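To start, the structure itself, in structure tokens.
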Amino acid sequence: MKNVFIVLLAILCSTATLAQKKERIKGSKTVTVTQKEVGAFDNLEIEDNFEVFLVKGDVEALEVDADDNLHEIVAAEMYGSTLRITTTKNVTNSKKLSVRITYTEKLTNITAKHEVVLNALTSLELDNITVKNLDYSKSYLNVKSKNFSLIMDDKTKAEVNIQADSTAIILSKNADLKALVVTKDAKIDLYQKAAADIEGDATKAKIRLDNNAELDSKKFTIKSLDILAEGYSNCNVLATETISISASGKTEIQLYGTPKIEIKSFTENATLYKKD
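Numbered according to mature numbering (1 follows the signal peptide of the UniProt record, and there is no 0), the sequence shown spans residues -19 to -1, 1 to 257.
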């Protein structure tokens, strides 16, 4: 009976996997532009190899710029106040597969995944906005916001210019970020081989590093810095007034500037280098 159950379970799993695979399609190489109707949304989710261009407007809109035989496989569906854009088939080759999305002041969340490339034609000027890059997606953005959050996971890449009162950056699983940040309050978390190169300035910042994370921020001027570094993480930081340090494992911290230094904890093989 147990063996029968295992066999049935294997068949069901195989069937589910096959059901999830999309039919393949190649683009015709003849590019056309069409409009698709969309409702009002405050949450945007895009996946499946699109190049996305964001532009702010008074009314939400969607324009598809793609090979003419691919328009019918572009699905734009509303789930409450969420607009989800995906493809119904797996596009293996095309001359163009892009969407231009017009958003309004209502937008608060953007999620890009499955190799989506996200571009903002103008600055994202919103009071509160969170951008998530997942699963090999990329972002190229200018942001002006009161509260901005960037979450990156699983071999994603981003180049971002940020002007915000409050900025939160969370990177994991080989995520790679280059950023110019001007903010009052910054929170930066890097895990699992994530890497970030950050320039700019902040009044105060909290930084946490773990699991082989790497941070190059010697050109990111911070007045008051609180840093926690663990595992095999490696970083360089610039503090001008105060710095509070907690370090453990085989982490390495290179400190620039002449701040007042407070050591909360310093254990195992952690190292601190004072740099000019």
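C-beta: ideal position from N, C-alpha, C; glycine also.
This structure is a prediction, so every number in the text was calculated from the model and none was measured.
Per DSSP, residue i forms a beta bridge with which residues?
{"i": "A228", "result": "A210, F247"}
{"i": "D197", "result": "D178, N217"}
{"i": "L105", "result": "V124"}
{"i": "D146", "result": "According to DSSP, D146 bridges with nothing at all."}
{"i": "A42", "result": "T83"}
{"i": "I16", "result": "This sequence places Gln at residue 16; Ile is not what is there. In DSSP, Q16 forms a bridge with E44."}
To the nearest whole angstrom, what separates the beta carbons of residue i and residue j, a pair I think is in contact under 8 angstroms?
{"i": "T89", "j": "L115", "result": "17 angstroms between Cβ atoms; not a contact."}
{"i": "D182", "j": "V163", "result": "6 angstroms"}
{"i": "L219", "j": "L196", "result": "Rounded, the Cβ-Cβ distance is 11 angstroms, inconsistent with contact."}
Quick check on the burial criterion: 16 or more other C-beta atoms within 10 angstroms. Buried or exposed for residue i?
{"i": "R189", "result": "buried"}
{"i": "V141", "result": "buried"}
{"i": "L(-2)", "result": "In this prediction, L(-2) scores a pLDDT of 38, lower than 50, which makes its location untrustworthy; the coordinate-derived value is nonetheless stated afterwards. L(-2) is exposed by the Cβ-count criterion."}
By alpha-carbon positions, which one of the options ends up nearest to residue i?
{"i": "K241", "options": "S225, T248, Y254, A251", "result": "S225"}
{"i": "V55", "options": "D39, K77, I244, E41", "result": "K77"}
{"i": "M59", "options": "T13, E53, T67", "result": "T67"}
{"i": "D135", "options": "V218, G61, H95", "result": "H95"}
{"i": "F129", "options": "Y121, L122, T111, K119", "result": "T111"}
{"i": "D29", "options": "K10, L43, V80, V12", "result": "V80"}
{"i": "N50", "options": "I91, L196, T69, N193", "result": "T69"}
{"i": "I221", "options": "T184, L161, N215, Q235", "result": "Checking the displayed sequence, the identity of residue 221 turns out to be Thr instead of Ile. When each option's Cα is compared against that of T221, the closest is T184."}
{"i": "K17", "options": "I208, E195, L43", "result": "L43"}
Please work out which residues of its chain come closer than 7 angstroms, Cβ to Cβ, to residue i, disregarding the five sequence neighbours upstream and downstream, and give them in chain order.
{"i": "N74", "result": "K7, G8"}
Short of 8 angstroms in beta carbon distance, which residues of its chain neighbour residue i, apart from the five on each side in sequence? Order them along the chain.
{"i": "K127", "result": "D108, N109, A145, D146, S147"}
Residues in its own chain within less than 6 angstroms of residue i by CB, not counting five upstream and five downstream?
{"i": "L64", "result": "V19, F22, L25"}
{"i": "K231", "result": "Y213, N250"}
{"i": "A47", "result": "K77, L78"}
{"i": "D157", "result": "K138, A176"}
{"i": "S229", "result": "E211, T248, E249, A251"}
{"i": "N71", "result": "K3, R5"}
{"i": "L161", "result": "N142, E180, G181"}
{"i": "K(-18)", "result": "Residue placement at K(-18) is flagged as unreliable, the pLDDT there being 47, under the threshold of 50; a coordinate-derived value is accordingly withheld."}
Do we get a CB-CB distance below 7 angstroms when we pair residue i with the residues of chain C?
{"i": "T252", "result": "Among the chains in the structure shown there is no chain C, since it carries only a single protein chain."}
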